[in-house]
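Undergrad:
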Amino acid sequence: MTFLSKFGLAAALVAGSVTAASAFTACQVTDVGGIDDAGFNQTAWKGLEDVKTSDGIEGRFLESQAETDYAPNINSFIGQCDVIITVGFLMGDATKAAAEANPDQKFSIVDFAYDPTIPNVVGQVYATNQGGFLAGYLAAGMSKTGVLGTFGGINIPPVTDFMDGFVHGANLYNERHGTEVTVLGWNPESKEGLFTGNFESLDDGRAFAQNLYDEGADIVMPVAGPVGLGSAALADELGTDALKIIGVDADQYMTDTEKQHVYLTSVLKRMDATVTQVIKSAMDGSFAGGLVVGTLENDGVGLAPYHAFEDAVPAELKAEIEEIKAGIIDGSITVGG
Amino acid sequence: MDVELRGLTKRFGPVVANDNVNLMIRGGEVLGLLGENGAGKSTMMNMLSGLYTPDAGEILIDGKPVRFEGPGDGIAAGIGMVHQHFMLVPVFTVAENVVLGVEPTGRLGYLDLKKARAQVEAINEKYGLHVPADALIENLPVGIQQRVEILKVLFREADVLILDEPTAVLTPQEVEEFFGIVKGLKEAGKAIVFITHKLHEILAISDRISVLRQGRITGEGDPATLDEEKLAEMMVGRHVSFTVKKTPAQPGSEMLRLDRVTLLDDGDDRLLDNVTFTVHSGEIVGIAGVQGNGQTELVEVITGLARQNAGKISFAGDDISTLSVRERHRRGMAHIPEDRHRMGMVDKFTIAENMVLNSYYDEAYAAPFGSVNWNRVHETAAAFCVDFDVRTPSVFLAGGALSGGNQQKMVVARELERQTRLVVASQPTRGVDVGSIEYIHERLVRSRDEGDGVLIVSSELDEIMGLSDRILVMFEGRIVAEFDNTGGKADRNQVGLAMAGATGTETVGGTAA
Amino acid sequence: MSTSIGKRELDETGRKLLERAMRGREEFEDLVIVPIFAVIVALILGALVMLATGVDLETIGRSFVALAKGSFGSINAVSETLTSAIPLVLAGLGLGLGFRAGLFNIGAEGQILMGGLAAAIFAFSFPGLPSFLLIPLALIAGALVGAIYAGIAGVLKAATGAHEVITTIMLNLSSYLILIYMLKRPYVQVAGRSDPVSKSVPPAGELPRLLDWLDPNLRLHAGLFLMLAAVAFVWWVLFRSKIGFAFRASGANPDAARYAGMKSGLIIVAAMASAGALAGLAGAAQVQGVLWRATPGFSAGIGFDAIALALLGRSHPVGILFAGILFGGLEAGGRQMQVDAGVSIDLIGIIQALIIVFIAAPLLVRALFPWGFARAPKGGK
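Here it is, written out as structure tokens:
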């Protein structure tokens with residue numbers, strides 16, 4: 148009984164405190180990968196945490212376990228939060244519905260651009276094909292087998308943008324060096340490729356990387372959130388001479404610390420930067436519906452340091468990457484088709 | 002070893018299952034304990050084995066009071082139960098089953114099966130049980146399985162053996178052998194409690210008899226001074242008639258005809274081999290035979306549960322060879338199945354639901370939109386219960402909660418309380434108390450007198466001899482003999498010989514075979 | 136010849152037999168007290184799990200307050216609870232009906248997917264139909280396709296004896312792939328998307344929301360009435376109709392059903408198809424009421440939760456209704472737990488599982504709370 152009575156006391160105390168008003172509150176609804184996916188959702192959450200640390204705001208999140216959770220999760224935050232950030236292209240419809248039903252509530256969505264725009268929603272999108280392009284060029288230069296691999300979670304633009312850039316970057320390397328490096332897993336013309344169909348299964352990540360490796364690929368870029376952690380585990384077992392991984396979204400050398408040595412680099416999608424930017428605009432009153440686009444130019448996308456491979460990447464290749472990055476920014480190099 | 006029960010009382014809620022029971026069980030003696038289903042025999046035995054604790058009274062072993070707290074205490078004190086339903090693992094050998102739970106183990110706990118086998122063989126030898134120690138249980142006939150149960154309690158060094166309805170599952174021959182074993186155990190100084198409701202068996206084997214009715218000991222005595230009628234009266238509490246009262250049959254038109262009916266099993270063995278016979282309205286035809294000679298299959302073929310491979314079946318002149326179970330039933334064929342728990346009823350269903358198990362679709366119960374008029378069903382069920390003396394507080398009670406006799410009366414009521422023309426009754430009184438047996442027999446005769454054809458299949462020869470106007474004997478899937486039993490004139494010995502497969506038996510009188 | 140069945144005059148003794156025995160106290164305990172205690176024990180154990188993972192007492196208290204608030208504490212909470220309960224109850228009714236007929240159908244998940252897909256396709260194929268036609272027709276399309284899909288397993292069992300546990304599991308796996316394949320067909324896929332997403336259900340095909348006049352965020356939709364009607368209908372089928380009698384007899388004792396002339400093959404197929412129709416309806420209600428389109432993961436495990444639900448409700452329609460509301464409440468309340476206390480959603484899964492464990496083991500609950508029951512567990516003193 149002592150435990151129970153203490154417990155009851157705690158409950159009573161708490162009941163009072165729940166309703167206590169607090170400072171500016173930013174809320175985030177994650178996609179099915181979860182808040183600790185070492186990539187997509189975690190990066191976006193980091194943006195919120197950064198503001199929490201710097202400006203002392205309140206932060207809350209809800210994890211979606213299935214697509215059916217999107218709408219109720221968003222609804223749970225309505226009226227409770229100053230700004231609601233939904234993370235993921237698949238939440239596009241649910242966010243739109245909620246925004247139209249609640250015109251006074253500020254929303255922002257990662258990875259979705261509305262056309263036409265909605266007055267109370269800021270879409271955050273990223274030119275990840277630019278980052279993917281650099282990664283493709285780098286990988287083509289580093290491959291010993293002349294075969295690269297990539298696969299995605301599901302066939303939606305925020306995923307395939309990476310893959311588009313990756314293929315085109317490798318093609319540019321072939322043009323300049325007369326090589327014939329091929330990329331398995333994505334065809335930018337037909338928009339067909341390899342997809343796990345989910346953003347959860349580490350087993351799939353392992354199996355897909357294994358298939359690509361069996362086909363000769365020695366560098367693989369998984370674009371499927373935590374699924375890629377399974378690919379990293381395979382690379383760890385095979386050894387980085389046989390298989391290297393290119394991370395996406397976050398610098399996975401930093402987030403996947405156990406397997407950090409397998410990441411040649413990561414294609415950064417700085418959702419944390421854009422999320423921070425949106426929250427701050429909501430705080431200072433400059434919030435306006437529309438679009439925020441992350442590019443190489445504004446550091447919204449980029450390539451992570453080579454970390455473990457710092458010495459392995461030839462200096463000439465590093466220089467070429469820098470030169471191409473500058474070319475993309477000034478428009479002299481186009482990353483598409 | 003002697004065991005005495007003194008003033009033993011056990012209540013379950015308002016029900017007094019045992020009321021001030023005094024009983025003396027002596028070594029080297031067979032005590033026959035007689036009682037109807039529900040008289041309190043099982044409760045008493047469960048107190049002796051330690052499963053129940055008495056509310057009052059005491060148990061004394063060799064004069065010293067003992068207290069049993071749990072199910073293991075009885076056997077530890079030397080009191081062993083042989084249950085009616087065997088508790089054996091079918092895929093284990095005899096020796097493995099016997100030692101299960103008290104395995105002789107060697108060092109490090111490894112199972113010493115060789116030692117177990119030797120111990121089993123020793124007991125086998127001592128009491129003449131003749132059980133093959135290495136055979137798998139599933140390959141042994143029921144009679145031998147029962148001896149394995151006895152082996153189990155002997156292995157646990159029991160001095161008192163309680164045998165609960167041991168003959169219920171045995172053929173007449175097996176009963177004889179079983180009695181031999183019981184005598185051997187008695188001579189070895191064991192105390193035997195023989196529980197049954199079969200009067201002739203208790204008279205044949207017991208040294209003393211106690212009768213239990215409604216939780217009380219209502220009679221005790223020496224078998225030499227008692228007879229079946231007196232015992233039955235003590236057991237039921239009123240006079241019971243053993244001879245089925247009936248007038249000579251007046252056979253009318255042909256109701257059922259089987260014409261060269263053959264049924265094969267999955268292989269090519271003939272379960273039924275060219276079976277041909279008829280049943281007329283107004284007569285009772287009995288099929289005698291040791292169980293497993295095709296009687297079950299015969300009933301299934303007649304009622305439509307199995308389809309014959311060859312031959313023709315006619316019912317009241319119509320060929321019904323390919324008709325469904327329901328259509329045959331609808332045309333007036335009643336079927337009392339041999340095993341009511343397996344087939345005749347749904348234990349979980351209420352009495353009312355069981356009463357319409359195969360007639361729920363009847364127009365009499367029809368209600369709009371394909372529903373059943375349950376009020377009508379309940380009223381009908383109540384009327385059936387009254388007509389057939391099914392003793393229950395309510396028709397909403399689960400069928401499984403009734404005693405065996407009442408369950409069977411429920412099944413019989415359901416089958417006979419319709420427009421019937423042919424009654425197929427398989428083991429109509431198996432596991433039923435004396436009072437109910439009398440009643441069921443009476444109703445079957447009444448069906449005959451109302452003009453139905455009645456076909457009775459029973460492994461109890463007494464039942465066949467008492468009820469039938471004509472007797473057919475089945476052996477290995479064939480009808481091997483036919484006897485005219487008008488006025489009970491068939492020779493019991495001749496029928497018994499035919500059941501055992503003796504060749505050369507002639508068709509004695511009767512109609513076409 | 137004997138007396139005939141049908142209307143009979145009853146004497147005093149007979150009328151007495153018609154008195155219904157009072158519902159036994161034991162039954163009341165099993166149906167009401169055991170579940171209540173099971174929930175309490177599960178919550179306490181859930182608290183212990185939280186303690187073990189380093190959550191402090193205050194947060195635990197706050198999370199349970201949130202659980203109560205989020206499940207039944209406001210209009211919005213009740214709306215969410217019922218919205219979650221609708222597909223669970225519909226699918227659970229189908230499974231319960233199957234269990235009663237002795238069929239352990241694991242395939243509700245697949246039947247939901249197929250039914251929902253069918254409803255979506257039907258609805259966007261006839262955008263011109265008025266609501267009063269489009270809504271019911273799309274629901275029927277979902278039920279029909281669910282019935283056919285489950286019927287496959289029924290026919291396989293009736294014709295070849297293939298066990299329904301195996302076949303329905305396989306049909307579940309197939310359904311995921313069929314769904315994705317169908318969603319990629321140009322006719323089904325929404326224009327401008329390369330991932331598998333169906334076209335949207337036209338507004339005329341949406342199940343109307345019931346409370347949007349109060350607050351546009353309240354998602355409770357007309358599927359509520361569908362659910363309640365289905366509860367009543369399944370109750371009627373099981374306990375009043377002829378076919379239901381045959382279902383129950385086959386489930387409780389197949390040999391007795393055969394003896395009674397019931398056709399086992401027909402019953403298996405009919406029971407599977409009915410179960411599939413209800414699961415298909417669950418999928419259709421989800422698509423027309425909540426999601427408005429079909430996507431690869433739209434069943435969200437409802438078909439598996441519904442198995443637990445049917446067992447929890449002891450395959451009785453009313454029991455399933457209450458179990459469904461309990462599950463819906465846990466889902467909605469769990470969300471609030473995350474929001475208010477930051478407790479992981481996985482914990483709700485643990486509590487749900489614990490509740491099921493304790494309800495499935497009434498003797499354990501009786502042993503834990505002896506003072507809550509009139510009689511000690513059987514075999515005791």
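Each protein sequence line maps, in turn, to chains A, B and C. Here my numbering is used: the first residue of the first sequence is 148, the next is one more, and so on. Here my numbering is used: the first residue of the second sequence is 2, the next is one more, and so on. Here my numbering is used: the first residue of the third sequence is 136, the next is one more, and so on. By construction, the Cβ of each residue, glycine as well, lies at the ideal position given by its N, Cα and C atoms.
#1: Closer than 8 Å between beta carbons: that is the criterion. Which residues of the segment 214-228 of chain A meet it against chain C?
#2: Could you tell me the alpha carbon to alpha carbon distance between residue 450 of chain B and residue 384 of chain B, rounded to whole angstroms?
#3: Taking beta-carbon pairs under 9 Å, can you tell me which members of the segment 404-438 of chain C lie near chain A?
#4: Taking residue 314 of chain A and residue 436 of chain A to be in contact with their CB atoms under 8 Å, please state how far apart those CB atoms are, rounded to whole angstroms.
#5: I need the straight-line Cα distance from residue 169 of chain C to residue 332 of chain C, nearest angstrom please.
#6: Mind listing which residues of the segment 187-199 of chain A have their C-beta closer than 9 Å to chain C's C-betas, in chain order?
#7: Any beta carbon from chain F within less than 7 Å of residue 277 of chain C's own beta carbon?
#8: Measuring only the C-alpha atoms, how far is residue 168 of chain A from residue 207 of chain C?
#9: I want to know whether the segment 373-388 of chain C touches the segment 340-351 of chain B - three or more CB-CB distances under 8 Å.
#10: Quick check: residue 485 of chain C and residue 184 of chain C, are their CB atoms within less than 7 Å of each other?
#11: Where are the alpha helix (DSSP H) runs, 4 residues long or more, that stay fully inside the segment 429-472 of chain A, in chain order?
#12: Does DSSP put residue 168 of chain A in a helix, a strand or coil?
#13: Whole angstroms is fine: what's the gap from residue 244 of chain A's alpha carbon to residue 212 of chain A's?
#14: Work out the CA separation of residue 358 of chain A and residue 395 of chain C for me, nearest whole Å.
#15: Please return the same chain residues whose Cβ sits closer than 8 Å to the Cβ of residue 417 of chain A, not counting the five positions on each side in sequence.
#16: Could you check the C-alpha separation between residue 543 of chain B and residue 436 of chain B for me, to the nearest Å?
#17: Quick check: what's the CA-CA separation for residue 346 of chain C versus residue 215 of chain C?
#18: Suppose contacts are defined by Cβ-Cβ distances below 7 Å. Is residue 339 of chain C in contact with residue 266 of chain C by that definition?
#19: Report yes if the C-beta distance between residue 60 of chain B and residue 24 of chain B is below 7 Å; otherwise report no.
#20: Using only the alpha-carbon positions, how far apart do residue 340 of chain A and residue 381 of chain A sit?
#21: Can you tell me the Cα-Cα spacing of residue 510 of chain B and residue 17 of chain B, whole angstroms?
#22: Looking only at its chain, what residues have a beta carbon closer than 7 Å to the beta carbon of residue 444 of chain A, apart from the 5 residues adjacent to it on each side?
#23: Residues of chain C with CB closer than 7 Å to the CB of residue 248 of chain A, please, in chain order.
#24: Would you say residue 334 of chain A faces chain C, with C-beta separation under 7 Å as the test?
#25: In chain A, which residues lie less than 9 Å from residue 473 of chain C when you measure between Cβ atoms?
#26: Anything in the segment 383-403 of chain B with a Cβ closer than 8 Å to a Cβ of chain C? List those residues in chain order, please.
#27: Does DSSP put residue 277 of chain B in a helix, in a strand, or in coil?
#28: Looking at the secondary structure, which residues open and close the alpha helix (DSSP H) in which residue 149 of chain B lies?
#29: Taking C-beta pairs closer than 7 Å, name the residues in chain C that residue 301 of chain A reaches, listed in chain order.
#30: Could you work out which residues of chain A lie near residue 315 of chain C, taking near to mean beta carbons separated by less than 9 Å?
#31: Say whether chain A places a C-beta atom closer than 7 Å to the C-beta of residue 480 of chain C.
#32: Please list the partners that residue 215 of chain C has in chain A, where partner means a Cβ-to-Cβ separation under 9 Å.
#33: Decide if the segment 249-259 of chain C is in contact with the segment 361-368 of chain C; the criterion is three or more beta carbon pairs, one per stretch, under 8 Å apart.
#34: If the cut-off is 9 Å on Cβ atoms, which residues from the segment 361-372 of chain B count as contacting chain C, listed in chain order?
#35: Quick check: the Cα distance between residue 85 of chain B and residue 434 of chain B, rounded to an integer number of angstroms?
#36: Given this structure, state the Cα-to-Cα distance separating residue 500 of chain B from residue 447 of chain C, to the nearest angstrom.
TA: This is what the structure holds:
#1: 214, 215, 216, 218, 219, 220, 222, 223, 224, 225, 227
#2: Counting from 1 along the second sequence, the entry for residue 450 of chain B is found at position 449. Counting from 1 along the second sequence, the entry for residue 384 of chain B is found at position 383. Computed Cα separation, rounded: 22 Å.
#3: 421, 425, 426, 427, 428, 430, 431, 432, 433, 434, 435, 436, 437
#4: Taking the first residue of the first sequence as position 1, residue 314 of chain A is located at position 167. Taking the first residue of the first sequence as position 1, residue 436 of chain A is located at position 289. Incorrect: roughly 34 Å between the Cβ atoms, too far for contact.
#5: By one-based count along the third sequence, residue 169 of chain C stands at place 34. By one-based count along the third sequence, residue 332 of chain C stands at place 197. Cα-Cα distance, rounded: 44 Å.
#6: none
#7: Absent from the structure is chain F; the protein chains it does hold are A, B and C.
#8: Position 21 of the first sequence holds residue 168 of chain A. Position 72 of the third sequence holds residue 207 of chain C. Low local confidence applies: a pLDDT of 44 at residue 168 of chain A is under 50, so the model's placement there is unreliable, with the coordinate-based value given in what follows. Each residue's Cα considered, the two are about 22 Å apart.
#9: yes
#10: Translated into positions along the third sequence, residue 485 of chain C becomes position 350. Translated into positions along the third sequence, residue 184 of chain C becomes position 49. Against a cut-off of 7 Å, the Cβ pair of residue 184 of chain C and residue 485 of chain C comes out as a contact.
#11: none
#12: Indexing the first sequence from 1 puts residue 168 of chain A at position 21. Reliability of the predicted coordinates at residue 168 of chain A is poor, the pLDDT of 44 falling under 50, and the value obtained from them is presented with this limitation in mind. Coil, per DSSP.
#13: Translated into the one-based positions of the first sequence, residue 244 of chain A becomes position 97. Translated into the one-based positions of the first sequence, residue 212 of chain A becomes position 65. Distance between the alpha carbons of residue 244 of chain A and residue 212 of chain A: 20 Å.
#14: Here residue 395 of chain C refers to the residue found at position 260 when the third sequence is read from its first residue. Here residue 358 of chain A refers to the residue found at position 211 when the first sequence is read from its first residue. Each residue's Cα considered, the two are about 58 Å apart.
#15: Residue 417 of chain A sits at position 270 when you count from the first residue of the first sequence. Correct list, in chain order: 190, 273, 441, 446, 447, 448, 449.
#16: A question about residue 543 of chain B goes unanswered here, because the residues of chain B that appear run from 2 up to 514.
#17: Position 211 of the third sequence, counted from the start, is the residue given in the question as residue 346 of chain C. Position 80 of the third sequence, counted from the start, is the residue given in the question as residue 215 of chain C. Rounded to the nearest angstrom, the two C-alpha atoms are 11 Å apart.
#18: One-based indexing of the third sequence puts residue 339 of chain C at position 204. One-based indexing of the third sequence puts residue 266 of chain C at position 131. Against a cut-off of 7 Å, the Cβ pair of residue 266 of chain C and residue 339 of chain C comes out as a contact.
#19: Taking the first residue of the second sequence as 1, we reach residue 60 of chain B at position 59. Taking the first residue of the second sequence as 1, we reach residue 24 of chain B at position 23. Taking 7 Å as the Cβ cut-off, residue 60 of chain B and residue 24 of chain B do not qualify as a contacting pair.
#20: Position 193 of the first sequence, counted from the first residue, corresponds to residue 340 of chain A. Position 234 of the first sequence, counted from the first residue, corresponds to residue 381 of chain A. Straight-line Cα distance between these residues: approximately 21 Å.
#21: In the second sequence, residue 510 of chain B corresponds to position 509, counting from 1. In the second sequence, residue 17 of chain B corresponds to position 16, counting from 1. Confidence at residue 510 of chain B is low in this model, with a pLDDT of 43, below 50, so the placement of that residue should be treated as unreliable; the coordinate-derived value is given next. Going from the Cα of residue 510 of chain B to the Cα of residue 17 of chain B covers about 54 Å.
#22: Within the first sequence, the letter at position 297 stands for residue 444 of chain A. Excluding positions up to five away in sequence, the list reads 476.
#23: Your numbering for residue 248 of chain A matches position 101 in the first sequence. 351, 352, listed in chain order.
#24: Numbered from its first residue, the first sequence carries residue 334 of chain A at position 187. So no, residue 334 of chain A is outside the interface.
#25: As a working mapping, residue 473 of chain C is identified with position 338 in the third sequence. Here the neighbours are 207, 208, 209, 210, 220, 223.
#26: 383, 384, 386, 387, 388, 393, 394, 395, 396, 397, 398
#27: Locating residue 277 of chain B in the second sequence gives position 276, where the first residue counts as 1. Residue state, collapsed to three classes: strand.
#28: The count along the second sequence starts at 1 and reaches residue 149 of chain B at position 148. Where residue 149 of chain B is concerned, the enclosing alpha helix (DSSP H) stretches over 143-156.
#29: By one-based count along the first sequence, residue 301 of chain A stands at place 154. Going along chain C in sequence order, the residues near residue 301 of chain A (Cβ under 7 Å) are 330.
#30: Within the third sequence, the letter at position 180 stands for residue 315 of chain C. 344, listed in chain order.
#31: As a working mapping, residue 480 of chain C is identified with position 345 in the third sequence. Closer than 7 Å to some Cβ of chain A, the Cβ of residue 480 of chain C qualifies, so yes.
#32: As a working note, residue 215 of chain C is residue 80 in the third sequence. Going along chain A in sequence order, the residues near residue 215 of chain C (Cβ under 9 Å) are 219, 222, 223.
#33: no
#34: 361, 362, 363, 364, 365, 366, 367, 368, 370, 371, 372
#35: Here residue 85 of chain B corresponds to residue number 84 of the second sequence, with the count starting at 1. Here residue 434 of chain B corresponds to residue number 433 of the second sequence, with the count starting at 1. Spanning the two alpha carbons is a distance of roughly 16 Å.
#36: Residue mapping note: residue 500 of chain B aligns to position 499 of the second sequence, counting from 1. Residue mapping note: residue 447 of chain C aligns to position 312 of the third sequence, counting from 1. Approximately 54 Å between the Cα atoms of the pair.
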